[in-house]
Amino acid sequence: VGPKKEVAECKEKFANSADPTVSQTFMLDRVFNPEGKSLPPMRGFKYSSWSPLGCDANGRCLLAALTMDNRLTIHANLNRLQWVQLVDLTEIYGERLYEASYRLSKADTPRGELGDFSEFQRRHSMQTPVRMEWSGICTTQQVKHNNECRDVGSVLLAVLFENGNIAVWQFQLPFLGKESITSCNTIESGINSPSVLSWWEYEHNNRKMSGLIVGSSFGPVKILPVNLKAVKGYFTLRQPVVLWQEMDQLPVHSIKCIPLYHPYQKCSCSLVVAARGAYVFWCLLLISKAGLNVHNSHVTGLHALPIVSMTADKQNGTVYTCSTDGKVRQLIPIFTDVALKFEHQLIKLSEVFGSVRTHGIAVSPCGAYLAVITTEGMTNGLHPVNKNYQVQFVTLKTFEEAAAQLLESSVQNLFRQVDLTDLVRWKILKDKHIPQFLQEALDKKIESCGSTYFWRFKLFLLRILYQSMQKAPSEVMWRPSHEDAKILVSDSPGMGSTEDDQEEGTSKQASKQSLCDTGKGTDIDDTADDSLPQSSDVGGREPMEEKLLEIQAQIEAVEMHLTREHMKRVLGEVYLHTWITENTSIPTRGVCDFLMSDDGYDDRTARVLIGHILKKMNKQTFPEHCSLCKEILPFTDRKQAVCSNGHIWLRCFLTYQSCQSLVYRRCLLHDSIARHPTPEDPEWIKRLLQGPCTFCDSPVF
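Residue 157 is where the sequence shown starts when you use the numbering used here, and the numbers rise one by one after that.
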């Protein structure tokens with residue numbers, strides 16, 4: 157808010173002011189007085205917001221975090237299980253305001269000095285964040301020096317401040333830090349005591365429109381236009397739209413915007429829902445030839461206490477609300493000729509978890525799970541002495557619904573539907589077989605379209621089936637052992653689950669209560685103990701071992717198919733981006749020979765492509781050489797390269813080059829190895845290296 161010395165003098169002056177309206181206001185406001193002396197320290201977080209997938213260097217989410225002392229930072233998971241702060245937006249925004257003399261535009265009249273308490277308050281309120289929300293990813297075209305166009309992704313972060321102003325930051329993707337900030341525009345909302353913020357994103361006739369929905373603690377809700385000249389193909393409203401204007405003192409707690417399709421009007425529409433006290437305010441926005449149609453109303457009779465949390469499933473428009481008494485309401489929108497109505501039903505958590513108090517809910521991306529934060533409720537009319545916060549998981553879909561959604565998915569990415577695949581995983585682990593209807597439906601999909609997504613889904617099912625047949629360890633792998641004695645554990649490839657399965661188990665088995673009620677935690681142990689007969693039963697072991705070998709053979713066959721399909725893609729890139737007899741770092745001849753080595757593999761597309769590439773190479777082989785002994789590295793295995801002196805190098809699964817360095821990347825499920833891009837790599841190789849795992853769709857880092 158000003159030079160450090162001047163700020164310190166002003167704080168001393170206000171704290172010792174003879175006017176109690178100044179001294180008491182200053183001492184009790186933790187924004188002005190974060191130290192607080194006898195007050196508890198300002199530790200922890202006020203709010204956090206996840207960006208869409210695909211914003212960081214690994215194609216995953218960024219995390220915007222607002223601390224209790226009003227500092228807004230952005231973090232990224234650059235390395236496995238390691239979070240790094242990329243930028244401090246509070247510091248950057250403060251520097252911008254300081255350079256502009258704390259004026260939003262040059263036309264603004266200069267305000268008073270920092271020694272004036274009202275100016276001291278104004279400077280704080282104009283940079284004290286209340287909420288922040290990410291927009292969807294915008295793709296724009298950037299013209300390079302040689303007149304080529306390339307697609308550049310960007311994302312917007314809207315930050316709502318205490319005085320009602322909104323700062324809209326534009327970041328270029330992938331977001332790497334301060335250098336990725338493209339612009340920052342400040343909008344005056346005109347709303348007093350703002351409490352919540354949300355993006356309004358609407359698509360009409362292939363034109364994407366955006367705006368910002370702002371709610372006040374006094375009651376009003378309105379949409380503000382966001383004018384961004386730098387973003388091409390971006391449209392907004394001409395003027396603000398008031399959704400609710402009554403100052404009824406019902407604070408707006410949460411706002412969700414859900415894109416839907418109107419079955420009667422035959423067009424897309426936007427449903428805005430807001431939690432206001434114990435009620436849900438809804439507003440249906442529809443663009444027609446007459447303009448923007450707005451229908452709004454309230455849903456009453458949901459909760460006896462104020463709504464503390466609200467979440468929405470954007471797949472089908474279902475809204476979930478909860479109050480502190482452990483009651484969750486499910487609201488399903490049903491369209492009518494004019495607008496819509498809601499059917500709601502009660503979910504009593506006490507029937508699942510016992511007497512609990514709820515503090516927050518969230519639905520998983522594809523609507524498979526509802527996560528609930530709970531503490532112990534009242535027992536015999538008495539509150540518990542200590543609060544133990546737990547995250548409980550409630551399934552919202554059956555196994556059959558999850559499997560059907562995966563088969564008909566338009567996303568075609570297993571990583572982005574991990575909550576649905578988790579439901580399927582638990583079912584197979586429990587029953588130790590893949591249901592017949594799922595096998596038949598998947599085989600039909602593979603025969604009809606042959607997309608690699610369905611092959612990856614088949615590989616996922618076979619791997620889980622193989623895991624369910626294994627003898628699991630007697631103790632849960634993720635649980636820490638407190639024994640001092642050292643125990644030698646034999647390293648068997650079939651023992652237990654992958655590291656990520658163990659971590660997922662940690663989140664699932666967050667509490668004993670949820671384990672007892674859902675029964676999931678015991679399914680693995682109980683079923684796994686019976687998965688293999690005792691060693692004395694030799695006759696029973698042989699069929700089981702044969703079954704395991706059969707599943708292993710199917711897994712290898714599917715992996716080989718996916719490898720060949722990716723090899724064809726790599727060879728296609730080589731053909732498009734190379735000249736005659738050009739030596740790329742990709743072992744092109746080795747990949748061609750590997751594809752043609754199997755007599756049973758007869759793919760006309762691959763044969764034609766290889767013929768064109770060999771004609772371009774003009775009998776040149778360009779083999780790889782071992783960096784230790786300079787011997788030739790033959791391409792005999794897709795996973796590793798071994799020279800004549802026995803030096804073994806792992807192969808990159810994205811480009812099939814040998815990773816001859818001490819540092820490389822792995823996919824999230826530890827399926828595959830990939831090398832890091834180097835400055836010498838051309839753009840098309842760098843683009844190949846940005847791809848996900850060809851077996852499980854997981855990002856690589």
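For each residue, glycine too, the CB sits at the ideal point set by N, CA and C.
Note that the structure is a prediction, hence the values are computed from the model and not measured.
* For Ala164, the three-state DSSP class (helix, strand or coil) -> helix
* To do: Pick out whichever of Ile337, Glu344, Gln238 and Met288 has its Cα sitting closest to the Cα of Ser261.
  => Glu344
* Asked: For Gln859, which of helix, strand or coil comes out of DSSP?
  -> Coverage of the chain is limited to positions 157 through 857, which leaves residue 859 absent and any answer about it impossible.
* **For Ser444: DSSP bridge partner residues** => Gly447
* Asked: Is it true that the CB of Leu399 sits closer than 9 Å to the CB of Asn452?
  -> yes
* 6 Å CB neighbourhood of Thr674 in its chain, flanking five on each side removed -> For Thr674, the predicted model reports a pLDDT of 42, less than 50, meaning its position is unreliable and no value from the coordinates is stated.
* Asked: Which whole runs of the beta strand (DSSP E) in the stretch 230 to 277 are 3 residues long or more, in chain order?
  -> 238 to 244
* What is the DSSP secondary structure of Trp735, counted as helix, strand or coil? -> coil
* **Buried/exposed call for Leu751, threshold 16 Cβ in 10 Å** => buried
* To do: Could you tell me whether the Cβ atoms of Thr868 and Val730 are closer together than 9 Å?
  => The chain is shown from 157 up to 857; residue 868 falls before or after that span and cannot be answered.
* Asked: Where in the stretch 523 to 585 do unbroken runs of the alpha helix (DSSP H), each at least 4 residues long, occur, reported from the N-terminal end onward?
  -> 555 to 563
* Just the C-alpha distance for Pro350 and Val377, rounded to the nearest angstrom, thanks. => 10 Å
* Asked: Ser783 by DSSP, collapsed to three states: which one?
  -> coil
* Helix, strand or coil for Phe616 per DSSP? -> helix
* **His768: first and last residue of the uninterrupted alpha helix (DSSP H) it sits in** => Arg760 to Met773
* Note down, in chain order, each residue of its chain lying with its Cβ closer than 8 Å to the Cβ of Phe201, except the 5 sequence neighbours on either side. => Ala221, Leu222, Thr223 and Met224
* Asked: Using a beta-carbon distance below 9 Å, is Asp307 in contact with chain B?
  -> No chain B appears in this structure, which consists of one protein chain only.
* Asked: Which stretch, first to last residue, makes up the beta strand (DSSP E) that contains Thr480?
  -> Looking at the DSSP string, Thr480 is not in any beta strand (DSSP E), and its letter there is neither H nor E.
* With respect to the beta strand (DSSP E) encompassing Ile517, which residues constitute its N-terminal and C-terminal limits? -> Val512 to Val519
* Identify the continuous alpha helix (DSSP H) that holds Leu845 and give its terminal residues. => Glu839 to Leu845
* Asked: How would you write the range of the beta strand (DSSP E) that Ile322 sits in, first residue to last?
  -> Asn321 to Gln328
* To do: Thinking Pro848 and Phe571 are a contact (beta carbons under 8 Å), I'd like their distance in whole angstroms, please.
  => 7 Å
* Could you work out which residue in Phe491, Lys588, Gly457 and Val308 is closest to Ile707 when comparing CA atoms only? => Lys588
* **Beta-bridge partners of Asn341, as assigned by DSSP** => Val324
* Nearest to Cys340 by alpha carbon, out of Glu359, Val382 and Gln595? -> Val382
* **Where the alpha helix (DSSP H) containing Leu598 begins and where it ends** => Gln592 to Ser604
* Given a threshold of 16 other Cβ atoms within 10 Å of its Cβ, counted over all protein chains shown, does Cys815 qualify as buried or as exposed? -> buried
* Can you tell me the Cα-Cα spacing of Ile584 and Gly250, whole angstroms? -> 54 Å
* Take the Cβ of Tyr812 as the centre, count every other Cβ of all protein chains shown within 10 Å, and call the residue buried at 16 or more, exposed below. => buried
* Asked: Just curious, the alpha helix (DSSP H) that Pro176 is in, first and last residue?
  -> Pro176 to Leu184
* To do: Indicate whether His487 and Thr477 have their beta-carbon atoms separated by less than 9 Å.
  => Just to set this straight, residue 487 is Leu in the shown sequence, not His. It is a contact, given that the beta carbons lie within the stated cut-off.
* To do: Confirm, please, whether the CB-CB distance from Arg720 to Asp110 is below 9 Å.
  => One cannot answer for residue 110 here, as it falls past the ends of the chain, which runs 157 to 857.
* **Residues near Gln471 by beta carbon distance below 7 Å, same chain, minus five either side** => Cys522 and Gly523
* With contact counted as at least three CB pairs below 8 Å, one residue from each stretch, are the stretch 775 to 788 and the stretch 827 to 836 in contact? -> no
* Spatially closest choice to Leu594 from Gly606, Glu564 and Val574, by CA coordinates -> Glu564
* **Whole-angstrom distance between Gln241 and Pro190, CA atom to CA atom** => 22 Å
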